[in-house]
Amino acid sequence: MSDPPSPTSLTPALIERLRAIVGPAHALTDPDQQLPYLREWRDMYEGRAGVVLRPGSAEEVSKILALAHAHAIPVVPQAGNTGLVGGQMPMNGEILLSVGRLKRVRNVDAIGYTMTVESGLTLAEAQAAAEAANRFFPLSLPSEGTCQIGGNLGTNAGGVGVLAYGNARQLVLGLEVVLADGRIWNGLNALKKDNTGYDLKDLFIGSEGTLGIITAAVLKLFPRPVEKATALLALPDIGAALSLFSLAQETAGTSLTAFEFMPRIVLDFVLKHVPNARDPFSARHPWYVLIETSALKADGSAEGLLTGALETATEQGLILDAVLAGSLTQARDFWRLRESISEAQKPEGGNIKNDVSVPISKIPAFIAEANAAVERICPGARPLPLGHFGDGNVHYNIAQPVGMAKEAFLAHWDTIVRAVHDIVVAYGGSISAEHGIGFMKRAELARVKGEVQMDLMRRIKAALDPKGILNPGKVV
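Heads up: the sequence shown is residues 7 to 482, going by the numbering used here.
Written out as structure tokens, the structure reads:
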């Protein structure tokens, strides 16, 4: 496929035509108005857009892309701007198309356990729409008040509910997508069985806006859990977490809905930098697990399953200490410790972040080998491995050594990332578990994937976006 078209083709006359599609208030050219769309929260990428467009319907998105396609103008779609790999950033003066005004809940089918929502709805708003119908939408992320459904699906987001419910791909029945040439594919199918040819929706989920722009989706709903039991556990080592996870699955089965792990240093950061955070334990411990069970009836079964698992784990020497949440407030406090980790890392200086996955049984060995590699490359660097044990997703973050200049530490970025990725690949893992590829990991994707897979991906891109206007320079 040829190189992406030059964004210099975005002339004042074309901007006026685009402004006529969305209305003057929703075509932003003033730098101050554009700024929230061009900076991401880690300050790693600062974008540059010829115009920021905020369409209010799929039809307006269609008209924008039809015009952009006709004139070979690049378009970068953006949802909640919470991405961590630069996939939502225009790098060279492209059109930035924000889906933030596409916020309708088109339909909630409580009997059929589905809802149809537009891509600019925040994840928290989607959860609330499901709850209003006495149903449950299980996708859950720390950024759920800001991130939007379009971005969740574009990156195939995971989060803390993957263990029981799967990631974003498993939560979608159908999509509405505007293609590169402006045509609208109406795939808003609420069927759970449809074997009529290729499953096109899976092409667009996880494609990060490089194949089409998702404007709406049919999402799966579930019965709403009415009882939960939550505990924070102290463990002697990460190997104990593996044994504990196996035991919890055997004991609780499908009632096991969360199993999050983190080392002591992560908890130290949260206690140091997050207001009102409190250590539930009287002593320090090497590792921690946040575990949760759920039940559809308020009959004490969730707590019974959890306490049964903890008693057996204690007998086997897997747990050093445990605190079972005695109230909803205490459970929320436990979850706040987990969900405040990103916030707490920032004041510690430079951070190198890896969103990877390895087979569950290999998590302890991966962490040990990665820690050793990081120490060889940058002595004193502080690994912060944490994540969702049940799906093998390790957020392998590294904080700069105490006393080292941030710039000096970040100069090791490529070397450290490559070393970590090499270990991931050796264990049969993935260099991206839920954040996507974006701009940051594009070169690494080509390095770690085989020639056949990259060729197939490029052929799909060329077929659906022959002019290369959709999110150029990202993924492939």
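Glycine is no exception: its CB is placed at the ideal position from the N, C-alpha and C atoms. The structure presented is a predicted model; accordingly, all values stated were derived computationally and were not measured.
By the 16-neighbour rule on beta-carbons within 10 angstroms, THR335 is exposed. The beta carbons of ALA425 and ILE383 sit closer together than 8 Å. ARG284 and GLU345 have their C-alpha atoms some 14 Å from each other. The distance from the Cβ of LEU24 to that of LEU73 is about 7 Å, consistent with a contact at the 8 Å cut-off. Of the residues ASN113, PHE395, ARG448, the one whose Cα lies closest to the Cα of PRO370 is PHE395.
The beta carbon of LEU343 sits closer than 6 Å to those of VAL276, all from its chain and outside the five residues before and after it, given in chain order. Counting only residues of its own chain and dropping the five nearest sequence neighbours on each side, SER68 has a CB closer than 6 Å to the CB of VAL184, GLY188, ILE190.
Scanning the stretch 331 to 384 for uninterrupted alpha helix (DSSP H) segments of 4 residues or longer gives 334 to 345, 347 to 351, 369 to 383, listed from N- to C-terminal end. The stretch 33 to 49 and the stretch 157 to 167 do not touch, with fewer than three beta-carbon pairs separated by less than 8 Å. The beta carbon of ILE443 is closer than 6 Å to those of LEU451, VAL481 in its chain, skipping five residues each way along the sequence. About 5 Å separates the CB atoms of LEU225 and MET121; that is less than 8 Å, so the two are in contact. DSSP places ASN201 in the coil class of the three-state scheme, outside both helix and strand. With contacts defined as CB atoms closer than 8 Å, LEU169 and PHE265 qualify as a contacting pair. A check of alpha carbon separations from ALA319 across ARG338, VAL295, ASP305, GLY306 identifies VAL295 as the nearest. Counting the other CB atoms within 10 Å of its CB gives VAL166 a total of 16 or more, which places it among the buried residues. For ASN158, the enclosing alpha helix (DSSP H) stretches over residues 155 to 160. With distances taken between CA atoms, GLY314 lies nearest to THR257 out of PHE287, THR257, GLU131. Taking 8 Å as the cut-off, the beta carbon of ALA331 is found closer than this to the beta carbon of ALA237. In this structure, PRO80 is the residue among GLU46, ASN140, PRO80 with its C-alpha nearest to the C-alpha of GLY56. Fully contained in the stretch 210 to 293 are the following beta strand (DSSP E) runs of length 3 or more, in chain order: 219 to 226, 233 to 241, 262 to 269. For a cut-off of 8 Å, the C-beta gap from VAL430 to VAL364 is around 6 Å, short enough to register as a contact. For the pair of segments examined, the stretch 209 to 226 was found to touch the stretch 107 to 123: the number of CB pairs separated by less than 8 Å reaches three. In this structure, HIS32 sits away from ARG54, with a CB-CB distance that is not shorter than 8 Å. The beta carbon of HIS75 is closer than 7 Å to those of ALA186, ASP187, GLY188, LYS473, ILE475 in its chain, skipping five residues each way along the sequence.
Listed in chain order, the alpha helix (DSSP H) runs fully inside the stretch 404 to 464 are 412 to 416, 419 to 432, 448 to 454, counting runs of at least 4 residues. Annotation: ALA387 is outside any beta strand (DSSP E) and is labelled neither H nor E by DSSP. With a cutoff of 8 Å on beta-carbon distance, VAL105 and ALA136 are scored as not near each other. When the five nearest sequence neighbours on each side are left out, the beta carbons in the same chain lying within less than 6 Å of the beta carbon of TYR51 are those of GLY92, MET95, in order along the chain.
If you draw a straight line from the Cα of SER146 to the Cα of HIS77, it comes to about 39 Å. Per DSSP, the beta-bridge partners of ALA55 are GLU100. As the crow flies, the alpha-carbon of TYR204 is around 35 Å from that of ASN98. The three-state secondary structure of ALA301, taken from DSSP, is strand. Listed in chain order, the non-local C-beta contacts of ALA235 below 6 Å within the same chain comprise THR299, ALA308, GLU309, LEU312, local neighbours out to five positions each way being set aside. Runs of the alpha helix (DSSP H) spanning 4 or more residues and lying entirely within the stretch 72 to 100 do not occur at all.
Assigned with DSSP and collapsed to three states, ALA186 falls in coil, not helix or strand. Under the 10 Å beta carbon count, GLY323 is surrounded by fewer than 16 other beta carbons and is classified as exposed.
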